[in-house]
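One structure below.
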Amino acid sequence: MANYLAQFQTIKNSCDRVVAAVEDVSDLWPTVKDLFEEHQPLKRAFLTNKTRNPVLVENLPVEFILTTDARLRSRFPQEQYLFWFREPYATIVLVTCEDLDEFKNILKPRLKLIVQNDEREWFIVFVSKAHPSNDQATKSVKKVYAKLEVEFSSKKRERCCKLDVHGPDANFWEDLELKITECIRNTLDRRVQFYEDEIRKLSEQRFMPIWNFCNFFILKESLAFIFEMAHLHEDALREYDELELCYLETVNMPGKQRDFGGFDSEDDQAALLKPGSKPLTQIVQDDSFREFDFRQYLFACQSRLLFKLNRPFEVSSRGYSFVISFAKALTLHESVLPFCMREVWVITACLALLDATASHHHDGVVAPDIEKEFYRLQGDLYSLSRVKFMRLGYLIGYGTDIEKSPLNSACLSMLPWPKPAVWPSLPADASSEVLEKEKTILQATSRTKHFGIQRKPLPLEPSVLLRVANRRRASLSTGNIPEIFDGRPSFTEGSGLEASPRTPSSLKVQAAPMSRTNSSPGNFESPLDRPMRLAEIFVAAEHALRLTISDHDLLMTLSSIQDFEHKYLNLTKGAAENYHRSWWKRHGVVLDGEIAAVCFKHGKYDLAANSYEKVCALYAGEGWQDLLAEVLPNLAECQKILNDQAGYMSSCVRLLSLEKGLFSSKERQAFQSEVVNLAHSEMKNPVPLDVSSLITFSGNTGPPLQLCDGDPGDLSVTVWSGFPDDITLDSLSLTLVATNNTDEGGQALKSSAATLLKPGRNTITFALPPQKPGSYVLGVVTGQIGRLRFRSHSFSKGGPADSDDFMSYEKPTRPILKVSKPRALVDLAAAVSSALLINEAQWIGIIVRPIDYSLKGAILHIDTGPGLKIEDTYGIEMERYTETDCDAGAPKAEVSLEDSPVSPKQDSEVLNLCDGKIVFSEWASNVSSILWVPVRALSEKLSRGSSSVTPLKQDILEGMRTVALKLEFGVHHNQIFERTIAAHFTDPFDVTTRVANKCNDGTLVVQVMLHSLVKANLLVLDSWLDLQDGFVHGQSDGRPTSTFFPLDVSPGSRAAIVFSICLDKTMSSDLQLQESILNIKYGIHGDRAAGAHKPVDANHSETETERRDLVFKSAIVLQRPVLDPCLTVGFLPLASDGLRVGKLITMQWRVERLKDLKESEAVEQQNDKDEVLYEVNANSENWMIAGRKRGHVSLSEEQGSRVVISILCVPLVAGYVRPPQLGLPNVEEANVSCNPPGPHLVCVLPPLLSSSYCVPVK
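Written as structure tokens, this is what we have:
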């Protein structure tokens, strides 16, 4: 079967569509050919795949070939089964007939003979040539077609269809498409089954000696080709995948040595997408194929199917994996392949995949995640080809022009050198080229970094090329054995170790190492050839590459350094752009840094700066400090060249912010010097800069600063400086942020003067103005150095004791300041609530209670209200106040601090009042104290007594006095507490008089009752009565019996004194003294902490004789007794029908004079003697008065005169209510007699029911 391999490939290349054979019985094909081909391809064909599932195939092309065609007649029976995929899948029989006898005798036997082959799928197309106008011909055609259907169609399958040439029917083409599809489907199923059976038989023999992979390949690819022709690309792809697995299994079978391949012309160019690049007969080897060519052929077939399936992403995915695995295979055979065959093949393979997949990919066709993954694979292919291209450039001497960046170093230092069996030798006529290379090597100097940064260049080679090349020279390989085994382990593509065997560690060869230089061999003495110089290695590699590389474009990119850089830049840009469009955006940013290096080299500093900024942002965000230290100086140099002062300053600050071990102290000082010089230069605009990684801050250890609402203070903050030297800050500000309201901007605290920051830890103190209540944390530190405005957000939480600059970012932010909510910081209250003596100097006590707050240096302003004055001649006494002295009702929260420190302990002190204020002593700053202020309540009003019949109502507000207090306290006297306290002043006694008895001789016994009004013991020493006109003393001189005195009156108790008086018979009409004066001489024994006490001036008198006696005077009014009333008021009875709510009634009272006015002792208090003032009092909730409530009625002065007063009123509520009352305001109650008396309560009935509100009951 393998002998048919060439024929198989030829047939496969010439056959690309499903074939339908046309059996032209009646020579109709020239007539209908164009019609058949116009309706191709098949629009919708339902075929069956390998798993016997229906699959919709759209636009399936079908090729119609006559059975008489040579392509179908020149085949041997053996070939028909071997290449069964090209045989027709359907047979279309074209017939026509208009005569029924002709059909029976001629056409029918011939058709029977044609369709008797059961292996063919056939159907008959009857072509009608009858014109529609010819009825006879039309009827005859219909009869023939009906007979045809009866003979060749069945219930299971319709095998006939009719085509009318003159009147084509649209349904015919649909019927034709269905019948062709059915034939193709049946044929396809039968042939697939045949190939599967054959393949299964061969698969069972693959471990037997008779196994031949070429036979298996022909069957397997034939089956795949059948699926591909039927547009079942998924099944075809599956067959190629199985074929690849089987081939790899065959290749890796031990015991068979096969030729790998790769020695033909143009083999260095990858044929991943060219399945026909080589004939199969050329790559066949024994019973299989050469691995180098056949694996590429299989991948090319798979790629072709994937492109037809519109899956370029899978081509990229499979292609990248194939390139990696195939490169490993090339590594295994590198010693026999041309020089750098692996690198050249990888480059061409990646570029071919990139071009093909990019042309087939269209954005937006696939899902976004697949699209991003596609671009990631494209970036990987660009990166792989870029690394291999750099390796080729380094081998021919372009290494000095490759940027020694971390990326290039990482890629090239892990990529092994080529390992040919013999390193290429130097051509004889290459001396001029060697001289030019040596000149280039000597002139190459590494670029000095900005700021004078000294760094060891990063390596671009896994080991020294000079050593590797000379070690692999044939003349040195036997005489320099120690050097063969001193190389480092290297890595091939992917992650596998180098495939070449390592020498066991037990092998130790004692030999003197051979010295080497880059120039002449010097003192090298050996019978062997001298080692090659580095320039000679470069030239030899370049000549070898010219023999290896057959791609002219690739060869041109290595012809000069300019072409090399151009190609290198294109590959790097391609990788970066694809990475930017994929998930791996960071890879794209890193490659932007390589582009920036090329731009910087060619003076395109603006483009270089933009790319470097992206790279630095990535490295900083990921925390890659070492990589940032490599790139950031380059960015700074670009910015300085572009005169970007703000960016240059930012880069210098970021360099200072890096770890200290990355740069020397001298280099860090150079960074700081640049920052200071720029900050103090003449820049147009101030530069804002974030120095969060350079200047950090935190609150001091310990609890946060506690302040009360409105208090200022001093806040200490620890600031860590990352500058290597001292630096002066022109200004420094700190922002506090309230934890309960982060949206509101914090208040900035500014340092008063320039601040000097030393390296490491610094403590800065800020003046803290009053803050709103709440908890505050550190927000932002801002400041200015010249024209540089810096800002820091980084918080240092402090660290262990052995590290002052330890920083922790995991802990939550700790409050540094707590301002309590507005609360009572102090309380001022009156010490005494009971009454004091009026018109006497009394001590008024003021209790001062600090509530968790110091009153050090507090100032108390005292302002007395009207009727009260401070006795300036006496000092204000201040005493310690204890809780036991408090009133029982005082709240517990107002007690002063018990544990507050009090310097030196002191219990009392006398303070002087100056301009209405006093200053607290230090001992009273944290303890409760009481102030005793001497005051005198002034009142010129004489106390008046009252009668027991008509007692006077005491006016509480009459003796009240107020003291306005204003306390200024706090550090800056910013706290102010104001309170007005009230003090009650009163007379010592309340006097009440009554006539106790009237003797027969006309003497009246007047009892004077004394009620103590103060909370102190009163001692009555003497008492006398100065009578008014109309009264005279009785037997005594107006004084009670002396044995009664001294009379002790306890607080709140009563005492009585009796006086005897008589009426003055000789009283004149002109009264000079209208009221009597009661004089009481008394003493007082009381405590100022409880209430009234001895006057202040009495306590300060030196001798007993100098003491001033206390005299209380009270005016009393004595009236001549009323023995008979002059008026009587009687309530007239109500109507007999009673009272009802809402019913108008009349209330009547009769007023009668009992005696003549002239003879009456009572004097009516009115101007007109013949008129009486009346007033009706009623509860407005119970009664509605319809008349005048108050008025005058005429009443004669003669005895017995009477008058009736009537008032209309309406009851408002039902029940027992108090009726209206009649009163005579201008007549004393003693002169009015009620006879008969009015009722106390009256009964008011509810209102009668109204018919307006009645509803009849149904």
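Take any residue in the sequence shown, note its place counting from 1, add 1408, and you have its number in our numbering.
Every residue, glycine too, gets a C-beta built ideally from N, C-alpha and C.
Leu2429 has its alpha-carbon roughly 45 Å from the corresponding atom of Cys2642.
Between Val1465 and Asn1457, the C-beta gap is not smaller than 7 Å, which leaves the two residues out of contact.
Take the alpha-carbon of Lys1716 and the one of Gly1801: they are about 37 Å apart. Our two residues, Phe1730 and Leu1740, have alpha carbons roughly 15 Å apart in a direct line. For Lys1550, the enclosing alpha helix (DSSP H) begins and ends at Asp1543 to Phe1560. A Cβ-Cβ contact shorter than 7 Å links Cys2024 with Leu2040. Taking a contact as a CB-CB distance under 8 Å, the pair Asp2119 and Pro2178 counts as one, their CB atoms being some 6 Å apart. Under DSSP, Cys1654 shares a beta bridge with no residue. The DSSP-derived three-state label of Gln1693 is strand. Taking C-beta separations shorter than 8 Å and ignoring five residues to either side along the sequence, the partners of Ser2484 in its chain run Leu2433, Asp2434, Leu2435, Gln2436, Phe2439, Ala2523, Ile2524, Val2525 and Leu2526, following chain order. With a cutoff of 7 Å on beta-carbon distance, Val2584 and Val2559 are scored as not near each other. For Ala2390, the three-state secondary structure derived from DSSP is strand.
Scanning the stretch 1578-1632 for uninterrupted alpha helix (DSSP H) segments of 4 residues or longer gives 1578-1611, listed from N- to C-terminal end. For Thr1765, the secondary structure class from DSSP, reduced to helix, strand or coil, is helix. Shown here, Ser1813 sits in coil according to DSSP, grouped into three states, outside any helix or strand. For the pair Ala1760 and Ala1678, the Cα-to-Cα distance works out to about 8 Å. Straight across, the Cα-Cα distance linking Leu1789 with Ala1735 is about 13 Å. Judged by beta-carbon spacing, Cys1568 lies beyond the 7 Å limit of Ile1607, meaning their Cβ atoms are not closer than that value. In this structure, the beta-carbon distance from Ser2614 to Thr2554 falls below 7 Å. Taking a cut-off of 8 Å for Cβ pairs, the stretch 1832-1844 and the stretch 1982-1997 do not touch, as fewer than three such pairs fall below it. Measuring C-alpha to C-alpha distances from Thr2126 to each of Ser2101, Leu2157 and Ile2172 identifies Ile2172 as the nearest. Under DSSP, Arg2257 takes part in a beta bridge, and its partners are Asp2235. In the DSSP assignment, Arg2462 falls outside any alpha helix (DSSP H) and within the unbroken beta strand (DSSP E) covering Arg2462 to Leu2471. Inclusion of Thr1504 and Ser1434 in the CB contact set at 7 Å is warranted, their separation being smaller than that value. Glu2637 counts as exposed, since fewer than 16 other beta carbons sit within 10 angstroms of its beta carbon. Of the residues Arg1994, Asp2235 and Leu2547, the one whose Cα lies closest to the Cα of Ser2019 is Arg1994. The beta carbons of Leu2632 and Val2640 sit closer together than 7 Å. By the neighbour-count definition (other C-beta atoms within 10 Å, threshold 16), Pro2342 is a buried residue. Here the stretch 2544-2554 does not lie against the stretch 2366-2382, with fewer than 3 beta-carbon pairs under 8 Å apart. It is roughly 59 Å from the alpha-carbon of Thr1546 to the alpha-carbon of Phe1721. The Cβ-Cβ distance between Met1637 and Val1426 falls below 7 Å.
Put simply, of Leu1979, Leu2412 and Phe2397 the residue whose alpha carbon is nearest the alpha carbon of His2419 is Phe2397.
In this structure, Phe2393 sits near Ile2246, with a CB-CB distance shorter than 7 Å. Annotation: the continuous beta strand (DSSP E) that includes Leu2176 extends over Gly2168 to Leu2176. About 5 Å separates the beta carbons of Gln1710 and Tyr1648, which is inside the 8 Å limit, making them a contact pair. With respect to the C-alpha of Glu2605, the residue from Leu2562, Lys2597, Arg2596 and Met2592 having the closest C-alpha is Leu2562.
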